[in-house]
Amino acid sequence: MTPFTQTCLLLLLLSWVGAEVFLQSQDASQVLNRRRRANSPFEEFRSGNMERECVEERCDREEAREIFENEEKTNEFWNVYFDGDACVSQPCINHGVCKDGIPGYTCFCRPGFQGHNCEIGKLCEKNNGDCEHFCNVEKNKVRCSCADGYYLGDDGKSCRSNEVFKCGAIKSKKSRSIYIYRQHENGTKNDNVNGTNSVFNNTAETNDYDESSSRIVNGEQCPPGECPWQALLMNEQDVGFCGGTILNEYFILTAAHCMNQSRSIFVILGEIDTKVNESREAIHEVAQVLTHKQYVRETYHNDIALIKLQKPIKFTPFILPACLPEADFAEKVLMREDYGMVSGFGRLREGGVQSTVLMRLSVPYISRAVCIESSKFKVTNRMFCAGYDEEEKDACQGDSGGPHVTRYKSTWFVTGVVSWGEGCARKGKYGIYTQVSKYIPWIRYVMKKF
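The sequence shown maps to residues -19 to -1, 1 to 431 in mature numbering (1 follows the signal peptide of the UniProt record, and there is no 0).
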């Protein structure tokens, strides 16, 4: 090939390559032209811009915070921007409200529902599942049950009994059976039981709480048969010093701190007036006293004990047990009632004389926060407060160990044991009670074991 021919071929090849590499000016403009960036001139000196920071580019949370200048709005944007909006699929059912998060989402359920997607109905939260006594959920359905001595009615809700004298049932001719003042752990062995017989070798001990530890001021006299679970503990000098609650034919519930106040104890049931023999009383000797092994005298922690009688109680309209609740029922139903009732033969005022007649008083439940704030002493999670802030109405010295009961529908359940307080009916102070719901397994274990 001649040099002239080679030169021609080379020029032809270059013209073909150029057609592939170089574009016409119009075509080149279509490829290279781009939209101007938002705030492009001196962009680092300008305020944050959503389009520039998080649409044209990938932004971080700090940049998003600069744009919104508000933490709540930043979180709402970032939750969706980071991993998408998990609430788009509307995962919360039963009218729950979905809030997107990182990762996933949170459902805020309306009353009566729970679960990750509000899929579980809180069936017992609404009107106790329409159960007369206890409500439990099994396989997402309500299952009602009843207190000892009762059985479930044909409707699966009501509680019936064939017993003439059943727990928690007051037979009164009066339409009003309570004075209300209106103001504008699981035990498997006996590690937690201290047992003694009915004779005590220890005498009463004192501590900082003693001025008011034996805990009705300004109540009303309890008519015969309307506080039938009341027990009166008597010492060797035939003087009443503490109260108790009948639980069944053999056992009396009381306070542990009462057990060091006498060398010996006997129990009177059905008492209304200690100066009058009314022929309805029953006197029982004590077979055994069983105090909670972890009772702390200095703080009244675990201030609870059981007294076993030598002979069974013969129930009458004036001598009846209070029903023992299930723990959940006590805490979620009974203790959410407005009032409970206390009774006893204690002092009628702080430093005053002991009452000779059985007194009772309706006392409102007090929130735990207010309870703790009101006391200079520690209120443990096994105690609760009840009483009045301004009015001079309270349990007082001599009422200790006595019943705090709460009515649900037509049945009375034991909810507390009168334990301690700072004086009696002092302004801004409340009565402190041992919370029975915390000791249901212990109580049942002791009554079965002993």
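Backbone N, C-alpha and C fix where the C-beta goes; we use that ideal spot for every residue, glycine too.
Q.
Cutting at 6 Å between CB atoms, please list the residues of its own chain near N175, excluding the five before and the five after it.
A. Result list for N175: T272, K274, in chain order.
Q.
I need the boundaries of the alpha helix (DSSP H) containing F146, first residue and last residue.
A. Counted as a single uninterrupted DSSP element, the stretch harbouring F146 is not any alpha helix (DSSP H), since DSSP gives it neither H nor E.
**Q.** Buried or exposed (CB count within 10 angstroms, at least 16 for buried), G382
**A.** Its Cβ being crowded by 16 or more others within 10 Å, G382 is buried.
Q: With DSSP collapsed to three states, give me the class of N241.
A: Note: N241 maps to helix in three-state DSSP.
Q.
Just to check my reading of the structure: F326 and T255 have Cβ atoms closer than 8 Å, yes? What is that Cβ distance to the nearest angstrom?
A. Indeed, because the Cβ distance is near 7 Å, the residues count as touching under 8 Å.
Q: Would you tell me roughly how many angstroms separate the C-alpha atoms of D219 and C140, rounded to the nearest one?
A: Those two C-alpha atoms are separated by around 40 Å.
Q: Starting from V395, trace the beta strand (DSSP E) both ways and give me its first and last residue.
A: Unbroken beta strand (DSSP E) run through V395: 392 to 401.
Q) Assuming V270 and M240 make a contact with CB atoms under 8 Å, what is their CB distance in whole Å? A) Contact between V270 and M240 holds: their C-beta atoms lie close to 6 Å from each other, under 8 Å.
Q. So the alpha helix (DSSP H) P422 belongs to, where does it begin and stop?
A. Following the DSSP letters along the chain, one finds P422 inside the alpha helix (DSSP H) bounded by residues 421 to 430.
Q. Excluding five sequence neighbours on each side, which residues of the same chain lie with their C-beta closer than 7 Å to the C-beta of residue 436?
A. Coverage of the chain is limited to positions -19 through 431, which leaves residue 436 absent and any answer about it impossible.
Q. How is the alpha helix (DSSP H) around R349 delimited, first residue to last?
A. 349 to 355 is the span of the alpha helix (DSSP H), which, as asked, contains R349.
Q) Under the three-state reduction of DSSP, which class applies to I48: helix, strand or coil? A) Of the three classes helix, strand and coil, the one that applies to I48 here is helix, per DSSP.
Q. Between the region 347 to 367 and the region 407 to 424, do three or more beta carbon pairs fall short of 8 Å?
A. With the cut-off at 8 Å, the region 347 to 367 and the region 407 to 424 touch.
Q.
Please list the terminal residues of the continuous alpha helix (DSSP H) segment that includes K80.
A. Run containing K80: none in the alpha helix (DSSP H); it sits in the beta strand (DSSP E), 78 to 81.
Q | CB contact flag (F146, L301, <8 Å) | A | Yes, the Cβ-Cβ distance between F146 and L301 is below 8 Å.
Q: Whole angstroms is fine: what's the gap from C208's alpha carbon to T280's?
A: Their backbone Cα atoms lie some 29 Å apart in a straight line.
Q. A303 and I253: beta carbons closer than 8 Å?
A. For the pair A303 and I253, the CB atoms are not nearer than the 8 Å cut-off.
Q) Is it right to say D136 is buried, meaning 16 or more other beta carbons lie within 10 angstroms of its own, or is it exposed? A) Under this definition D136 is an exposed residue.
**Q.** C-alpha gap between V248 and D380, whole angstroms
**A.** Roughly 14 Å separates the two Cα atoms.
Q.
Assuming contact is defined by CB atoms lying nearer than 8 Å, are A286 and T235 in contact in what I supplied?
A. In this structure, T235 lies closer than 8 Å to A286 by Cβ.
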